[in-house]
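*Asks:* Sharing a structure with you now.
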Amino acid sequence: MNRTFSIGFMRSGFETGWKFNRWYGNPLIGNPPFACTGEVTMSIITISRGSYSRGKEVAEKVAQRLGYECIAHEVITAASKEFNIAETEIYKAVHDAPPISNLFMYGKEKYVAFLQKALLNHLKKDNVVYHGPAGHFFVKDISHVLKIRVITALEDRIRLAREQQGISRKEAIKLIRKRDEQRKKWSMQLFGVFTWDPKLYDLVINIKKSSVDEVVDFICQTAGMQEFQMTPESKKAMDDLILSADIKAALIDLKPDIEVSGEDGVIHVTTAVPESQEEELVHKMEKIAGGIQGIRQIKIHTRPSVPYGD
Amino acid sequence: MSVITISRGSYSHGKEIAEKVAHKLGYDCISRDILIEASKEFNVPEIKLFQAIYDTSNIMDRIFGKKERYITYIQAALLKSLMKDNMVYHGFAGHFFVKEIPHVLKVRILADMEERIQIMMERNGISRKDAVDFIHKLDRQRRKWSRKLYGIDTADPSLYDLVIHVDTIKVDTAVDIICFKVGSKRFQTTPESLQKIQDLSVAAEAKARLMDLDLNVKVKAQNGSIQVSSRTSAVRKPKLEAEVRQITKAMPGITDLKVNTVPATTGLDDDRRCEILIVDDEAVVCDRLKAFLDKDGHRVETRVDPAEALRLLGERDFDIVISDIRMGEIDGIQIMDRVLKRSQRTKVVMITGYATLDLARETLTKGAFDFIAKPFKAKEIRATIKRAAEALEQDVQHRVHAVGV
């Protein structure tokens with residue numbers, strides 16, 4: 004059963020003003036060839052990284068160079084404030100592998116929805132480098148987001164972990180393995196992919212041989228390329244995504260299994276509901292969603308579900 | 004001044020990107036050319052080399068050592084080409100061979116799966132399902148191959164300096180990105196890094212040429228001096244050294260040669276490799292024995308014509324000679340006499356049928372090491388050859404001992 008309800012045309016989109024900025028000329032001849040001019044306009048960069056992979060340093064320097072905002076844990080803080088949940092709880096939800104049980108799973112999904120909302124609202128502002136957890140998952144279909152993964156040799160990570168933590172080599176290896184394992188399980192269970200899968204990113208950069216500064220130059224240059232400039236289509240897709248995330252975060256307490264997607268400003272909500280409760284639930288959902296700023300049209304799709312014990 | 008290797012899946016724009024990068028930088032772009040060069044250099048049909056790379060079926064693997072040999076030929080040819088510098092290589096396994104060379108930029112291109120399917124469907128005129136199956140099969144094959152040969156997974160991003168996902172990023176941008184990256188100081192050729200690639204090249208070529216002597220030979224090179232390590236019995240060491248010297252003499256760029264042999268100390272079969280001659284007028288016996296002894300790692304010659312065997316024995320020594328007793332005009336006894344006259348240390352093993360059992364026993368008193376009665380079993384032959392190899396070893400030790408005293 005489909006229901007449609009509309010609330011005027013209220014989307015207060017972020018001001019556009021994007022323009023194309025093409026990186027041209029032969030970089031081998033250019034002078035100075037790889038200087039990053041900061042001419043990159045309107046861009047979002049997500050940097051995925053393993054622990055102790057110098058990714059944080061890279062992200063911070065890229066942001067500094069481009070005059071962008073650099074965020075990671077700020078997103079968690081924002082989510083924690085907005086939804087009144089302890090930061091550590093969200094942190095746990097996004098860092099640890101969730102238990103298999105669906106009961107807990109929904110708990111995790113809730114936090115992930117909150118985090119997604121907080122992150123996307125940060126990205127609204129544009130000109131952002133995000134290097135916290137799961138950035139690329141949340142924006143995977145947005146073409147103007149440059150999705151980068153930074154990797155380095157295990158030996159480098161061990162060295163870095165030892166320097167930062169003051170631990171033995173053996174402990175460092177154990178720590179790195181544990182973190183990697185956790186991350187792997189987590190992304191597999193929540194998103195069905197492995198973080199190391201290069202297909203998730205536009206670029207995987209190995210900093211084994213390069214200095215941090217070189218990698219920073221490289222990322223800045225790439226961000227300036229035409230592919231990563233916002234287009235009317237990619238902006239629309241981003242708007243839909245932000246609105247969907249807002250609605251999901253608002254409705255997830257009501258129905259943890261909802262799926263939300265947006266297309267051309269129309270938000271589709273899908274959920275399973277027992278027939279007897281349908282009327283009431285749809286009404287509640289409409290009421291909550293109606294209060295969200297910027298919403299234009301919402302379509303609620305329900306499919307019958309059988310309550311336990313029947 | 005740099006070298007770029009581009010690894011790619013099938014139908015992934017890798018070739019297009021490689022060619023455009025080469026064009027933009029004014030570099031040479033090579034791929035299949037390497038196979039042609041290797042084929043010329045080492046006198047192997049190109050198709051064999053091609054199969055060694057792309058055919059992961061078991062049939063190839065069963066042919067002992069052939070595949071490793073072909074891969075080494077390709078490696079030698081590739082390294083030689085890369086020494087010319089200013090090169091883009093796309094295709095098979097470039098990054099394996101140049102892992103430690105700092106001025107090589109190792110790139111992997113990933114394509115959008117949807118696009119690969121489309122290209123595959125168009126080019127081969129097949130259905131979507133077939134295209135998907137085919138791409139998965141090719142990918143699996145490639146991964147299996149690299150795991151088998153090098154113990155690594157080609158899809159592992161940590162093998163590369165840069166992985167580019169051609170999806171949002173378009174081909175021309177990927178070209179820009181690669182050109183930009185290779186312009187970095189890190190990837191410029193230095194005299195040291197060039198020396199490194201030259202060392203690898205010399206070592207690979209020496210190995211390719213020495214693999215006929217010992218399939219598992221190890222070769223290291225540093226600034227023109229090479230070090231050859233081979234597991235062989237002490238008996239064969241001087242001969243091996245001479246042979247290595249002979250082979251490497253013809254190669255340019257080698258100033259110094261050192262041969263290390265790892266002596267056979269344990270009873271392991273592969274530590275006791277022998278040079279063996281088999282003489283039997285029945286070709287089928289020769290072939291069966293050779294196939295079996297080859298498998299144990301021995302170097303085996305066979306002669307069906309005893310007269311030809313005698314000629315060969317006039318030219319060179321063998322560790323072990325296996326000969327049938329009754330073979331028409333020239334018999335096994337004559338063969339044995341000729342062998343023992345030339346070299347006392349060679350072990351002669353007679354093959355005998357029931358009719359000549361007495362004769363065979365008699366040969367033992369005349370200096371034969373042992374005899375094998377037909378029909379023989381694999382186990383018996385292995386045991387006999389093993390004892391012969393041990394006896395050879397002991398002879399050497401006695402001699403060394405005698406000299407020492």
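Here the protein sequences come in this chain order: A and B. Residues are numbered in the working numbering as their position in the first sequence, beginning at 1, plus a constant of 3. Residues are numbered in the working numbering as their position in the second sequence, beginning at 1, plus a constant of 3. Just so it is clear, CB atoms sit at the ideal spot from N, CA and C, and this is done for glycine as well.
Identify whether ARG239/B lies in helix, strand or coil by the three-state DSSP scheme.
*Replies:* One-based indexing of the second sequence puts residue 239/B at position 236. Note: ARG239/B maps to helix in three-state DSSP.
*Asks:* In three-state DSSP terms, what is LEU271/B?
*Replies:* One-based indexing of the second sequence puts residue 271/B at position 268. Model confidence at LEU271/B stands at a pLDDT of 38, short of 50, so the residue's coordinates are unreliable; what they give is reported in the following sentence. If DSSP states are grouped into helix, strand and coil, LEU271/B belongs with coil.
*Asks:* Quick check on this structure: which residue in GLY335/B, TYR30/B, VAL288/B, SER326/B has the alpha carbon closest to the alpha carbon of PRO378/B?
*Replies:* Residue numbering aside, residue 378/B sits at position 375 when the second sequence is read from its first letter. Of GLY335/B, TYR30/B, VAL288/B, SER326/B, the residue nearest in Cα terms is VAL288/B.
*Asks:* From ASP183/A, LYS211/A, GLN224/A, pick the residue whose C-alpha is nearest to that of ILE181/B; which is it?
*Replies:* In the second sequence, the residue the question calls residue 181/B occupies position 178. Minimum Cα distance to ILE181/B is reached at GLN224/A.
*Asks:* Using alpha carbons as the reference points, say which of ARG189/B, ILE388/B, PHE99/B lies closest to VAL218/A.
*Replies:* The sequence position of residue 218/A within the first sequence is 215, counting from 1. The alpha carbon of VAL218/A has as its nearest neighbour, out of ARG189/B, ILE388/B, PHE99/B, the alpha carbon of ARG189/B.
*Asks:* In the DSSP assignment, find the alpha helix (DSSP H) that holds VAL178/B and state where it starts and stops.
*Replies:* One-based indexing of the second sequence puts residue 178/B at position 175. Start and end: 174 to 185.
*Asks:* May I have the straight-line CA-CA distance separating ALA158/B from SER190/A, to the nearest angstrom?
*Replies:* If you number the second sequence from 1, residue 158/B lands on position 155. If you number the first sequence from 1, residue 190/A lands on position 187. Rounded to the nearest whole angstrom, the CA to CA distance from ALA158/B to SER190/A is 19 Å.
*Asks:* Looking at ILE104/B: is its Cβ nearer than 7 Å to the Cβ of LYS199/B?
*Replies:* Sequence index remark: in the second sequence, residue 104/B carries index 101 (1-based). Sequence index remark: in the second sequence, residue 199/B carries index 196 (1-based). Their beta carbons are under 7 Å apart, which means ILE104/B touches LYS199/B by this criterion.
*Asks:* Whole angstroms is fine: what's the gap from ASP26/B's alpha carbon to ILE33/B's?
*Replies:* Counting from one through the second sequence, the residue named residue 26/B turns up at place 23. Counting from one through the second sequence, the residue named residue 33/B turns up at place 30. The residue asked about is misnamed: residue 26/B is His in this sequence, not Asp. When rounded, the distance between both Cα atoms is 12 Å.
*Asks:* Give the residues of chain B in contact with ILE151/A, contact being defined as C-beta atoms less than 8 Å apart.
*Replies:* As a working mapping, residue 151/A is identified with position 148 in the first sequence. Those do not exist, as ILE151/A stays about 10 Å from chain B at its closest Cβ, beyond 8 Å.
*Asks:* In whole angstroms, what is the alpha-carbon distance linking GLU283/A and ALA252/A?
*Replies:* Here residue 283/A corresponds to residue number 280 of the first sequence, with the count starting at 1. Here residue 252/A corresponds to residue number 249 of the first sequence, with the count starting at 1. Cα to Cα, the separation comes out at about 20 Å.
*Asks:* Residues of the segment 218 to 234 of chain A in Cβ contact with chain B at a cutoff of 9 Å, in chain order, please.
*Replies:* ASP220, PHE221, GLN224, THR225, MET228, GLN229, GLU230, PHE231
*Asks:* Alpha carbons only, please: which of LYS252/B, ILE7/B, ILE167/B is nearest the one belonging to GLN191/B?
*Replies:* As a first step, residue 191/B is located in the second sequence; it is residue number 188 there, counting from the start. Closest by alpha carbon: ILE7/B.
*Asks:* By the three-class DSSP mapping on this structure, what secondary structure does VAL269/A have?
*Replies:* Within the first sequence, the letter at position 266 stands for residue 269/A. Residue state for VAL269/A is assigned as strand, using DSSP reduced to three classes.
*Asks:* Tell me which residue opens and which closes the alpha helix (DSSP H) that PRO48/B is part of.
*Replies:* The sequence position of residue 48/B within the second sequence is 45, counting from 1. DSSP places PRO48/B in no alpha helix (DSSP H); its state is neither H nor E.
*Asks:* Beta-carbon within less than 6 Å of LEU141/B's beta-carbon, same chain only, minus the 5 sequence neighbours each way: which residues are those?
*Replies:* Working through the second sequence from its first residue, we reach residue 141/B at position 138. Closer than 6 Å at the Cβ level, and outside the excluded window around LEU141/B, lie SER13.
*Asks:* Using beta-carbon positions only, say whether LYS109/B and HIS98/B come within less than 7 Å of one another.
*Replies:* Residue 109/B sits at position 106 when you count from the first residue of the second sequence. Residue 98/B sits at position 95 when you count from the first residue of the second sequence. A Cβ-Cβ contact shorter than 7 Å links LYS109/B with HIS98/B.
*Asks:* What does LYS202/A touch in chain B if you count any residue whose Cβ is under 7 Å from its own?
*Replies:* The residue given as residue 202/A occupies position 199 in the first sequence. LEU113, HIS168, listed in chain order.
*Asks:* Tell me, please, whether the CB atom of VAL215/A is closer than 7 Å to any CB atom in chain B?
*Replies:* Locating residue 215/A in the first sequence gives position 212, where the first residue counts as 1. Not closer than 7 Å to any Cβ of chain B, the Cβ of VAL215/A fails to qualify, so no.
*Asks:* By alpha-carbon positions, which one of ILE50/A, SER247/A, ASP260/A, SER54/A ends up nearest to LEU178/A?
*Replies:* The sequence position of residue 178/A within the first sequence is 175, counting from 1. Measuring from the Cα of LEU178/A, the nearest candidate turns out to be SER54/A.
*Asks:* Along the chain, where does the alpha helix (DSSP H) that runs through VAL287/B open and close?
*Replies:* Sequence index remark: in the second sequence, residue 287/B carries index 284 (1-based). 286 to 298 is the span of the alpha helix (DSSP H), which, as asked, contains VAL287/B.
*Asks:* Assess contact between the segment 119 to 131 of chain B and the segment 29 to 46 of chain B, defined as three or more Cβ pairs (one per stretch) separated by less than 8 Å. Is contact present?
*Replies:* Not touching, per the Cβ criterion.
*Asks:* What separation, rounded to the nearest whole angstrom, lies between the Cα atoms of GLN347/B and VAL205/B?
*Replies:* Locating residue 347/B in the second sequence gives position 344, counting from the first residue. Locating residue 205/B in the second sequence gives position 202, counting from the first residue. Approximately 39 Å between the Cα atoms of the pair.
*Asks:* Counting only beta-carbon atoms, is SER146/A nearer than 7 Å to chain B?
*Replies:* Position 143 of the first sequence, counted from the first residue, corresponds to residue 146/A. Answer yes: the Cβ-Cβ gap between SER146/A and chain B drops below 7 Å somewhere.
*Asks:* Hey, does ILE120/B have any beta-carbon neighbour from chain A nearer than 7 Å?
*Replies:* Here residue 120/B corresponds to residue number 117 of the second sequence, with the count starting at 1. Chain A, which has no Cβ nearer than 7 Å to the Cβ of ILE120/B, makes this no.
*Asks:* Residues of chain A with CB under 7 Å from TYR163/B, in chain order?
*Replies:* Position 160 of the second sequence, counting from 1, holds the residue named residue 163/B. Here the neighbours are ASN209.
*Asks:* Mind pulling the chain A residues with CB within less than 7 Å of LYS173/B?
*Replies:* Position 170 of the second sequence, counted from the first residue, corresponds to residue 173/B. Here the neighbours are GLU230.
*Asks:* How is THR59/A classed by DSSP in three states: helix, strand or coil?
*Replies:* As a working note, residue 59/A is residue 56 in the first sequence. For clarity, residue 59/A is Lys in the given sequence; the question names Thr instead. Here LYS59/A sits in helix by DSSP.
*Asks:* Quick one: using the 10 Å Cβ neighbour count with 16 as the cut-off for buried, is TRP193/B buried or exposed?
*Replies:* In the second sequence, residue 193/B corresponds to position 190, counting from 1. Here the sequence assigns Thr to residue 193/B, which means Trp is not the residue at that position. When all chains shown are included, THR193/B counts as exposed.
*Asks:* Based on DSSP bridge pairs, tell me the residues matched to LEU206/A.
*Replies:* Along the first sequence, one-based indexing puts residue 206/A at 203. According to DSSP, which records beta bridges pairwise, LEU206/A is partnered with ILE151/A, ILE167/B.
*Asks:* How is the alpha helix (DSSP H) around TYR14/B delimited, first residue to last?
*Replies:* The residue given as residue 14/B occupies position 11 in the second sequence. Looking at the DSSP string, TYR14/B is not in any alpha helix (DSSP H), and its letter there is neither H nor E.
*Asks:* Measure the CB-CB distance between PHE247/A and VAL269/A and report whether it falls below 7 Å.
*Replies:* As a first step, residue 247/A is located in the first sequence; it is residue number 244 there, counting from the start. As a first step, residue 269/A is located in the first sequence; it is residue number 266 there, counting from the start. Contrary to the premise, residue 247/A reads as Ser rather than Phe in this sequence. No, Cβ-Cβ distance for SER247/A and VAL269/A is not below 7 Å.
*Asks:* Enumerated in chain order, which unbroken segments of the beta strand (DSSP E) with a length of 3 residues or greater are wholly contained in the segment 246 to 303 of chain A?
*Replies:* Segments of the beta strand (DSSP E) lying fully in the segment 246 to 303 of chain A: 262 to 266, 269 to 276.
*Asks:* Given that ILE154/A touches chain B, what residues does it touch there, using C-beta distances under 7 Å?
*Replies:* Your numbering for residue 154/A matches position 151 in the first sequence. In chain order: PRO160, SER161.
*Asks:* Sort ASP373/B, GLU195/B, ALA310/B, LEU395/B by Cα distance to THR235/B and report the nearest one.
*Replies:* Counted from its first residue, the second sequence places residue 235/B at position 232. For the residues ASP373/B, GLU195/B, ALA310/B, LEU395/B, the minimum Cα distance to THR235/B belongs to LEU395/B.
*Asks:* Using DSSP with H/G/I as helix, E/B as strand and the rest coil, what is LYS187/A?
*Replies:* Sequence index remark: in the first sequence, residue 187/A carries index 184 (1-based). Note: LYS187/A maps to helix in three-state DSSP.
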